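Numbering (my numbering), first residue to last: 2 to 523. Only one structure is covered here, and it is reproduced in the block below.
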């Protein structure tokens with residue numbers, strides 16, 4: 002009875018999209034398009050090492066296309082569908098070369114998720130992103146520096162894809178039939194790091210903490226080389242599709258983590274996380290990243306418990322907390338959160354958006370029960386790769402490492418976990434994208450006033466009916482040039498005399514959402 006009531010209420014809220022769209026599979030067949038170029042950029046690792054193509058490369062760095070696949074419902078006439086960008090796992094190294102059976106946009110788990118999303122009426126975009134770092138260096142600074150740059154490059158690639166989708170709507174006739182203002186990110190494993198960091202790491206100042214600087218006090222991420230945080234600039238970076246926003250409406254993480262919990266601030270996109278609390282590679286709360294296939298520590302990160310705890314404390318998940326979910330999947334998540342499991346014992350109301358997968362430690366703690374692979378195909382592909390110049394991969398290490406943390410792997414098991422993931426996240430995404438933060442942001446925008454504008458000295462920012470948490474001012478290159486935090490006020494008088502003449506963007510953040518306005522300084 003409760004489930005039917007919830008479904009009826011949710012269907013009413015998404016009437017504009019058609020009955021049951023997103024909440025259940027309403028399409029039988031899908032169409033797929035492979036190898037779509039969404040951008041070009043500079044690679045520090047061979048761009049063509051994917052799915053056993055080849056291990057050869059002429060020279061590095063090289064400028065090459067970045068590719069994605071597209072999954073759409075067949076026979077669908079709707080042209081404002083929710084787009085979901087899917088990032089694969091893989092430790093920022095190519096599949097098999099990363100000593101694992103996964104690590105590609107063509108991973109079975111990625112294809113399964115993209116397929117079920119398309120059947121529900123979404124459009125799914127599994128993407129590749131640039132890879133490459135040095136996990137085997139005995140120097141901690143080399144390991145930390147190279148993986149931080151790998152994550153940063155991947156973030157810029159996903160931003161390129163976000164801008165590409167917006168450009169496709171504005172300039173190319175909307176070939177994918179999407180609403181580009183409702184983009185969702187979904188990441189498996191390493192891709193989960195990308196999705197959570199994407200919404201939280203939005204200012205370079207957030208990287209200026211000790212663990213992200215080397216022994217000389219320099220940032221590991223050199224933006225003069227790899228580009229600014231908005232995707233512009235950099236000697237080894239191409240700014241694709243300029244002029245379009247990088248904003249997304251929600252981020253979903255399965256088995257990932259966040260660089261630092263201090264990055265989570267009010268006004269950021271809602272986050273949903275799925276995690277095995279005993280994951281040996283990505284911590285559930287706080288811990289050191291240990292990359293599969295090596296025994297080396299890399300960097301301390303915050304896991305899903307902290308990510309979702311912060312998202313709730315900062316009000317970013319409030320739109321989901323305001324709803325009542327009585328479906329079996331949500332009730333199971335609440336039961337797990339409140340259980341006596343050593344890592345849990347959490348108040349479900351403070352962790353809305355967190356689904357813990359509690360698995361028996363059959364052989365070893367599990368990390369990604371949603372993964373599956375065909376051992377015969379893996380064996381054949383590795384044999385092919387070993388026939389390429391300079392390649393020597395150990396099939397026993399690759400299969401053994403994956404088996405160790407997913408010992409009863411099967412397609413049926415993977416499908417069950419993917420199904421649970423989609424059933425949990427879909428009603429929450431519906432509330433976020435249809436009836437929640439979008440309306441809040443519009444209301445905040447209508448009640449925000451900045452004056453005088455233009456100005457030569459100072460401004461007053463007033464938000465009627467809401468309390469500001471922070472105000473940020475960016476130049477048109479995306480650099481933060483001024484900010485005020487911990488405001489808890491509906492009014493702020495701010496000095497801008499130190500800013501040079503020109504146009505700026507003022508971002509006003511509240512507990513309930515945010516708005517961005519233009520400011521002219523004379």
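Glycine residues also receive a C-beta, built at the ideal position from the N, C-alpha and C atoms. All values derive from a computational prediction rather than experimental measurement.
Within the same chain, show all residues whose beta-carbon is closer than 6 Å to that of residue 425, passing over the 5 residues directly before and after it, in chain order. Counting from one through the chain shown, the residue named residue 425 turns up at place 424. Only 330 and 356 meet the Cβ criterion.
Below 8 Å between beta carbons: does that hold for residue 73 and residue 177? Start at 1 with the first residue of the chain shown, and residue 73 comes out as number 72. Start at 1 with the first residue of the chain shown, and residue 177 comes out as number 176. Yes, these two residues count as a Cβ contact at 8 Å.
Roughly how many whole angstroms lie between the Cα atoms of residue 499 and residue 486? For the purposes of this step, residue 499 is identified with residue 498 of the chain shown, where counting begins at 1. For the purposes of this step, residue 486 is identified with residue 485 of the chain shown, where counting begins at 1. Taking the straight line from one Cα to the other gives about 18 Å.
Could you tell me the distance, in whole angstroms, from the CA atom of residue 518 to the CA atom of residue 503? Sequence index remark: in the chain shown, residue 518 carries index 517 (1-based). Sequence index remark: in the chain shown, residue 503 carries index 502 (1-based). Near 14 Å, if we compare the C-alpha coordinates of residue 503 and residue 518.
Return the chain-ordered list of same chain residues with a C-beta closer than 8 Å to the C-beta of residue 195, the five sequence neighbours on each side being excluded. As a first step, residue 195 is located in the chain shown; it is residue number 194 there, counting from the start. If you ignore the 5 residues before and after residue 195, its C-beta comes within less than 8 Å of the C-beta of 88, 130, 152, 155, 156, 159, 186, 188 and 257, all in its own chain and listed in chain order.
Run through the DSSP bridge pairs and tell me what residue 519 is partnered with. Residue mapping note: residue 519 aligns to position 518 of the chain shown, counting from 1. Its beta-bridge partners are 506.
How many Å lie between residue 268 and residue 290 at the Cα? Against the chain shown, residue 268 aligns to sequence position 267. Against the chain shown, residue 290 aligns to sequence position 289. Rounded to the nearest whole angstrom, the C-alpha separation of residue 268 and residue 290 is 28 Å.
Starting from residue 35, trace the beta strand (DSSP E) both ways and give me its first and last residue. For the purposes of this step, residue 35 is taken as the residue at position 34 of the chain shown. Counting along the chain, the beta strand (DSSP E) containing residue 35 begins and ends at 31-44.
Proximity winner among 505, 468 and 35, relative to residue 126 (alpha-carbon distances): Along the chain shown, read from residue 1 onward, the residue named residue 126 stands at position 125. Scanning 505, 468 and 35 for the CA closest to the CA of residue 126 turns up 35.
Say whether the segment 488-498 touches the segment 443-459, bearing in mind that this needs 3 or more beta-carbon pairs closer than 8 Å, one atom from each stretch. Short answer: they touch.
Rounding to the nearest angstrom, what Cα-Cα distance links residue 444 and residue 253 in this structure? Here residue 444 corresponds to residue number 443 of the chain shown, with the count starting at 1. Here residue 253 corresponds to residue number 252 of the chain shown, with the count starting at 1. Those two C-alpha atoms are separated by around 25 Å.
By DSSP's criteria, residue 288 is part of a beta bridge. Which residues make up the other side? As a working note, residue 288 is residue 287 in the chain shown. Partner(s): 302.
Give me the Cα-Cα distance between residue 509 and residue 62, rounded to the nearest whole angstrom. Numbered from its first residue, the chain shown carries residue 509 at position 508. Numbered from its first residue, the chain shown carries residue 62 at position 61. The straight-line gap from Cα to Cα measures roughly 39 Å.
CB contact flag (residue 31, residue 430, <8 Å): Walking along the chain shown from the start, residue 31 turns up at place 30. Walking along the chain shown from the start, residue 430 turns up at place 429. Between residue 31 and residue 430, the C-beta gap is not smaller than 8 Å, which leaves the two residues out of contact.
With H, G and I counted as helix, E and B as strand and the rest as coil, what does DSSP make of residue 63? Working through the chain shown from its first residue, we reach residue 63 at position 62. Strand, per DSSP.
Can you have a look at residue 209 and say buried or exposed, based on whether 16 or more other CB atoms are within 10 angstroms of its CB? Here residue 209 is taken as the residue at index 208 of the chain shown, counted from 1. For residue 209, the number of other beta carbons within 10 angstroms of its own is below 16, and it is reported as exposed.
Which of the three DSSP states is assigned to residue 313 in this structure? Here residue 313 is taken as the residue at index 312 of the chain shown, counted from 1. Correct three-state label for residue 313: helix.
Just checking my contact of residue 272 with residue 309 at CB under 8 Å: how many whole Å lie between their CB atoms? Taking the first residue of the chain shown as position 1, residue 272 is located at position 271. Taking the first residue of the chain shown as position 1, residue 309 is located at position 308. Taking C-beta atoms under 8 Å as the contact rule, residue 272 and residue 309 qualify, at a distance of about 6 Å.
Run through the segment 167-191 for me and flag every whole beta strand (DSSP E) of 3 or more residues, listed as ranges in chain order. Assignment of beta strand (DSSP E) within the segment 167-191, counting only whole runs of 3 or more residues, yields 185-189 in chain order.
Using C-beta distances below 8 Å, list every residue in its chain close to residue 277, excluding the 5 sequence neighbours before and after it, in chain order. Working through the chain shown from its first residue, we reach residue 277 at position 276. Closer than 8 Å at Cβ, skipping near neighbours: 256, 285, 357, 358, 359, 360, 366, 367, 368, 369 and 370.
Exposed unless 16 or more other CB atoms sit within 10 angstroms - verdict on residue 20: Here residue 20 refers to the residue found at position 19 of the chain shown. Low local confidence applies: a pLDDT of 42 at residue 20 is under 50, so the model's placement there is unreliable, and no value is given.
Nearest-angstrom Cα distance between residue 140 and residue 520? Looking up residue 140 in the chain shown gives position 139. Looking up residue 520 in the chain shown gives position 519. C-alpha separation (whole angstroms): 46 Å.
Touching by the beta-carbon criterion (3+ pairs, under 8 Å), the segment 337-346 and the segment 374-381: Taking a cut-off of 8 Å on C-beta distances, the segment 337-346 does not touch the segment 374-381, as fewer than three cross pairs fall below it.
In the DSSP assignment, find the unbroken alpha helix (DSSP H) run with residue 222 in it and report its ends. Translated into positions along the chain shown, residue 222 becomes position 221. Premise fails: residue 222 is in no alpha helix (DSSP H) and is neither H nor E.
Could you check the C-alpha separation between residue 236 and residue 202 for me, to the nearest Å? The residue you call residue 236 lines up with position 235 of the chain shown. The residue you call residue 202 lines up with position 201 of the chain shown. Near 22 Å, if we compare the C-alpha coordinates of residue 202 and residue 236.
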